[in-house]
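Visitor: One structure follows; several queries about it will come next.
There are 2 protein chains.
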Amino acid sequence: MSVTIKDIARVLGISPSTVSRALKDHPDIAAETKRAVKELAEELNYQPDPIALSLKKRQSHIIGVLVPEIVHYFFSTVISGIEDLAYASGYRVMICQSNENFSHEVKNIDALLASRVDGILVSLSKETTSYRHLENIVEQRVPMVMFDRVAESLRVDKVVVDDLNGAYKAVSHLIEMGCRRIIHYGTAQYLAIGKNRREGYLRALADHNLPKRDEDIVRCDLYEDAVRITRGMMQRSPKPDAFFAVNDFTAIGTIKTLQELGYRVPEDVAVVGFTNGQIADVISPALTSVEQFGYNLGKTAVELLLERLNVPGKTIPARTRTIKTKLIIKASSLRKKIT
Amino acid sequence: MSVTIKDIARVLGISPSTVSRALKDHPDIAAETKRAVKELAEELNYQPDPIALSLKKRQSHIIGVLVPEIVHYFFSTVISGIEDLAYASGYRVMICQSNENFSHEVKNIDALLASRVDGILVSLSKETTSYRHLENIVEQRVPMVMFDRVAESLRVDKVVVDDLNGAYKAVSHLIEMGCRRIIHYGTAQYLAIGKNRREGYLRALADHNLPKRDEDIVRCDLYEDAVRITRGMMQRSPKPDAFFAVNDFTAIGTIKTLQELGYRVPEDVAVVGFTNGQIADVISPALTSVEQFGYNLGKTAVELLLERLNVPGKTIPARTRTIKTKLIIKASSLRKKIT
Numbered sequence: 168m169s170v171t172i173k174d175i176a177r178v179l180g181i182s183p184s185t186v187s188r189a190l191k192d193h194p195d196i197a198a199e200t201k202r203a204v205k206e207l208a209e210e211l212n213y214q215p216d217p218i219a220l221s222l223k224k225r226q227s228h229i230i231g232v233l234v235p236e237i238v239h240y241f242f243s244t245v246i247s248g249i250e251d252l253a254y255a256s257g258y259r260v261m262i263c264q265s266n267e268n269f270s271h272e273v274k275n276i277d278a279l280l281a282s283r284v285d286g287i288l289v290s291l292s293k294e295t296t297s298y299r300h301l302e303n304i305v306e307q308r309v310p311m312v313m314f315d316r317v318a319e320s321l322r323v324d325k326v327v328v329d330d331l332n333g334a335y336k337a338v339s340h341l342i343e344m345g346c347r348r349i350i351h352y353g354t355a356q357y358l359a360i361g362k363n364r365r366e367g368y369l370r371a372l373a374d375h376n377l378p379k380r381d382e383d384i385v386r387c388d389l390y391e392d393a394v395r396i397t398r399g400m401m402q403r404s405p406k407p408d409a410f411f412a413v414n415d416f417t418a419i420g421t422i423k424t425l426q427e428l429g430y431r432v433p434e435d436v437a438v439v440g441f442t443n444g445q446i447a448d449v450i451s452p453a454l455t456s457v458e459q460f461g462y463n464l465g466k467t468a469v470e471l472l473l474e475r476l477n478v479p480g481k482t483i484p485a486r487t488r489t490i491k492t493k494l495i496i497k498a499s500s501l502r503k504k505i506t
Numbered sequence: 168m169s170v171t172i173k174d175i176a177r178v179l180g181i182s183p184s185t186v187s188r189a190l191k192d193h194p195d196i197a198a199e200t201k202r203a204v205k206e207l208a209e210e211l212n213y214q215p216d217p218i219a220l221s222l223k224k225r226q227s228h229i230i231g232v233l234v235p236e237i238v239h240y241f242f243s244t245v246i247s248g249i250e251d252l253a254y255a256s257g258y259r260v261m262i263c264q265s266n267e268n269f270s271h272e273v274k275n276i277d278a279l280l281a282s283r284v285d286g287i288l289v290s291l292s293k294e295t296t297s298y299r300h301l302e303n304i305v306e307q308r309v310p311m312v313m314f315d316r317v318a319e320s321l322r323v324d325k326v327v328v329d330d331l332n333g334a335y336k337a338v339s340h341l342i343e344m345g346c347r348r349i350i351h352y353g354t355a356q357y358l359a360i361g362k363n364r365r366e367g368y369l370r371a372l373a374d375h376n377l378p379k380r381d382e383d384i385v386r387c388d389l390y391e392d393a394v395r396i397t398r399g400m401m402q403r404s405p406k407p408d409a410f411f412a413v414n415d416f417t418a419i420g421t422i423k424t425l426q427e428l429g430y431r432v433p434e435d436v437a438v439v440g441f442t443n444g445q446i447a448d449v450i451s452p453a454l455t456s457v458e459q460f461g462y463n464l465g466k467t468a469v470e471l472l473l474e475r476l477n478v479p480g481k482t483i484p485a486r487t488r489t490i491k492t493k494l495i496i497k498a499s500s501l502r503k504k505i506t
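Here's what the structure looks like:
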């Protein structure tokens, strides 16, 4: 995969030692040859071997960030945290978004590598199930930290949200408010966030001796999905008295639909979201939601990255940091005084 | 090892010269063919040969975008338009945000130039009043298109929103709804959008023979500003019966504050925003707002840029495109039937 001095030599029809000396600006090599070698090396994204690299590392002082969607409130707070610490440490930040599209994600990783960013922070698209493009980053020895939507199998630094506990607290709260049939609107199960929020939901039911119903767990992670699905949900028997949604927009689509159907929120049906974005305070009633502290997450990701950038030679084992969540209780779930 | 034009031609069953011209975006070649060639070239990691490369301009196929804030709904729709056309044309997109900070804007422009992007799309921060960093782009002959928040004095391609007419339509509508004292929450006057929206407001008052009051025009362009300022506004005499805000978040801060003070929206006070983001439909009552068609704006900016990228030698005079706006009337201003 990675380009060697031999590859460059073959393309240009010269010897590997000439290429090597050209790259080192050896006086014996003609200027013309040096230029051809350097241009090709750049074009093919040639990377010197790691020992040479640690001796003389070229730095762009740019950190590349790849997120699914920048408009998403959570990712925008993560980016704020990233930028604040990055700028304060003398780095600039370039952002790409995958738009939840795997092929865009791959192209963006290529573009970031081609731009010679010093390090990369990545959160996966919902479509991503293969990690070849990420392994490429590791092979090119570009430091990488994954955050929020991480690939569990890769041995790289990770910063994750404590999704399981966040979901557990949200669902336990609904049960304490008297809710007995709680629908979970979840996301893809191959994403850790999907799996962990579902697991938190299930554990809360189990710990409170409520039955687990498979049909109460539905893939529904967009505003439009919630608008489409919620009416049918309310025809079930026994009637659901709460919804726990994987994100705020889905929760808000649920509230709007329930209100249109004539249900009162939270008296008839309580709703809890996840993220606690700005929008959670705009909807009436205000949305109870799990605060993820995206700003801290972004800062933590940069901290891990800077430790690698500051000591390029040093071997640091892969680390995982977990950001605690907090349930912010508002009107959409407050059916009675908190005991 | 290295893939040639002949390899691509063989796979697609077309002639090498067609492949070559397709890669150069020659006008004689069908768009369908160009796409097939470019996709395969990318897939096979085709690299033009080094000699040809040094003669011709080196391309990164990356478009750099600098916006004030990616979380802002309007800019996120602009970015969607930019990305859709850019990806379809074989480009990747890298985004930097200034966070309304001049020094970040300058650093980001440097970073984009250092990354050798093929072209740059820029919207200015609220702080930007000097343009040296932009002149630097022009001097380096990197094609640039400014959008929305543009520097009027620079002779470069621009795509702007028809802010003046948008504001005119919004304020005329409020007057038709019976409002007689309309407060304008505006933004910095050295920004064209601030100046033009204010001008639209003033013309609508003049055309309907309403008095112009200097104290009714206030710099107030954040949710928090509106929460802080609106109470005092309502103590004026005669009492304001409408607010026209420069963006949706400011309008929503106004609605929330009015409701807390016991006023009914729109019966006592009507409110209109600008952008018509997702949030305009989450607030109750739904917010009347000026739709800016950010997606079209983004696409138009890329169109102008591609014309320059596709014919690097050609001299094209600086052009300005204006995107029409539309007033979307909802409950927050609907005090009576529209006549």
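Sequence lines, in order, name chains A and B. Our numbering puts the first sequence at residues 168 to 506. Our numbering puts the second sequence at residues 168 to 506. For every residue, glycine included, the Cβ atom is placed at its ideal position computed from N, Cα and C.
Roughly how many whole angstroms lie between the Cα atoms of B/E267 and A/I342?
Guide: 44 Å
Visitor: A/K223 CB to nearest chain B CB: under 7 Å?
Guide: Reliability fails at A/K223, whose pLDDT of 42 lies under 50, so the model's placement of it is uncertain and no value is given.
Visitor: For A/N275, return the contacting residues in chain B, with the cut-off set at a CB-CB distance below 7 Å.
Guide: The contacting residues are R259.
Visitor: Among A/I396, A/Y430, A/R299 and A/P310, which residue has its Cα nearest to the Cα of A/V385?
Guide: Comparing Cα positions, the closest option is A/I396.
Visitor: At least one CB of chain B closer than 7 Å to the CB of A/E272: is that the case?
Guide: no
Visitor: Measure the C-alpha to C-alpha separation of A/N212 and A/A278 and round it to an integer number of angstroms.
Guide: 11 Å
Visitor: By a C-beta neighbour count over all protein chains shown, 10 Å radius and 16 as the cutoff for buried, is A/V478 buried or exposed?
Guide: exposed
Visitor: With DSSP as the reference, identify every bridge partner of A/E458, one or two as the case may be.
Guide: A/T442 and A/K493
Visitor: When you check each C-beta in the segment 276–287 of chain A against every C-beta of chain B, which residues fall closer than 7 Å?
Guide: A278, A281 and S282
Visitor: How far does the alpha helix (DSSP H) with B/H300 in it extend, from its first residue to its last?
Guide: R299 to E306
Visitor: Scan the segment 257–296 of chain A and note each continuous alpha helix (DSSP H) run of 4 residues or more that stays entirely inside, going in chain order.
Guide: 269–281
Visitor: What does the alpha-carbon distance come out to for the pair B/N363 and B/S500?
Guide: 22 Å
Visitor: Skipping 5 residues on each side, what residues in its chain have a beta carbon closer than 7 Å to that of A/T549?
Guide: For residue 549 of chain A there is no data in the structure shown, the boundaries of chain A being 168 and 506.
Visitor: For chain A, check one thing: does any of its Cβ atoms lie closer than 7 Å to the Cβ of B/Q307?
Guide: no
Visitor: Excluding sequence positions up to five away, which residues of its chain have a Cβ less than 7 Å from the Cβ of A/E294?
Guide: Answer for A/E294: E267, N268 and F269, listed in chain order.
Visitor: In chain order, what are the residue ranges of uninterrupted alpha helix (DSSP H) at least 4 long that sit wholly in the segment 380–452 of chain A?
Guide: Assignment of alpha helix (DSSP H) within the segment 380–452 of chain A, counting only whole runs of 4 or more residues, yields 390–400 and 415–427 in chain order.
Visitor: Along chain A, in chain order, which residues have C-beta atoms closer than 8 Å to that of B/Y507?
Guide: No answer is possible for residue 507 of chain B: the residues shown for chain B start at 168 and end at 506.
Visitor: Anything in chain B within Cβ reach of A/N443, meaning under 8 Å, just list it in chain order.
Guide: Under the 8 Å cutoff, chain B gives no residues; its nearest Cβ is about 15 Å from A/N443.
Visitor: At the 7 Å Cβ level, is B/Q226 part of the contact set with chain A, yes or no?
Guide: no
Visitor: Please report how far the alpha carbon of A/S221 lies from the alpha carbon of B/S247, in whole angstroms.
Guide: Any reading at A/S221 is ruled out, since the residue's pLDDT is 35, under 50, leaving its predicted position unreliable.
Visitor: Does B/I218 pass the burial test, meaning 16 or more other C-beta atoms within 10 Å, or should it be called exposed?
Guide: For B/I218, the predicted model reports a pLDDT of 41, less than 50, meaning its position is unreliable; a value from the coordinates is still stated below. If you draw a 10 Å sphere on the C-beta of B/I218, you find fewer than 16 other C-beta atoms in it, and that means exposed.
Visitor: Where A/M311 and A/R299 are concerned, what is the direct C-alpha to C-alpha distance, given to the nearest angstrom?
Guide: 14 Å
Visitor: Can you check whether the C-beta of A/L389 is within less than 7 Å of a C-beta belonging to chain B?
Guide: Chain B contact via Cβ: absent.
Visitor: Out of A/T442, A/V170 and A/A359, state which residue places its alpha-carbon closest to the alpha-carbon of A/T244.
Guide: A/T442
Visitor: Starting from B/Q356, find everything on chain A with Cβ-Cβ shorter than 7 Å and list it in chain order.
Guide: Those do not exist, as B/Q356 stays about 27 Å from chain A at its closest Cβ, beyond 7 Å.
Visitor: Count the other CB atoms within 10 Å of the CB of A/D388; is the residue buried (16 or more) or exposed (fewer)?
Guide: buried
Visitor: Given 8 Å as the limit, is there contact between the segment 436–455 of chain A and the segment 281–296 of chain A, that is, 3 or more CB pairs closer than that?
Guide: no
Visitor: Would you call the segment 401–413 of chain A in contact with the segment 464–473 of chain A, where contact means no fewer than 3 C-beta pairs closer than 8 Å?
Guide: no
Visitor: Under 7 Å Cβ to Cβ from B/D330, same chain only, skipping five residues before and after it: list those, please.
Guide: I360, N363, R364 and G367
Visitor: Along chain B, which residues have their Cβ under 9 Å away from the Cβ of A/E250?
Guide: Correct list: Q264, N266 and H271.
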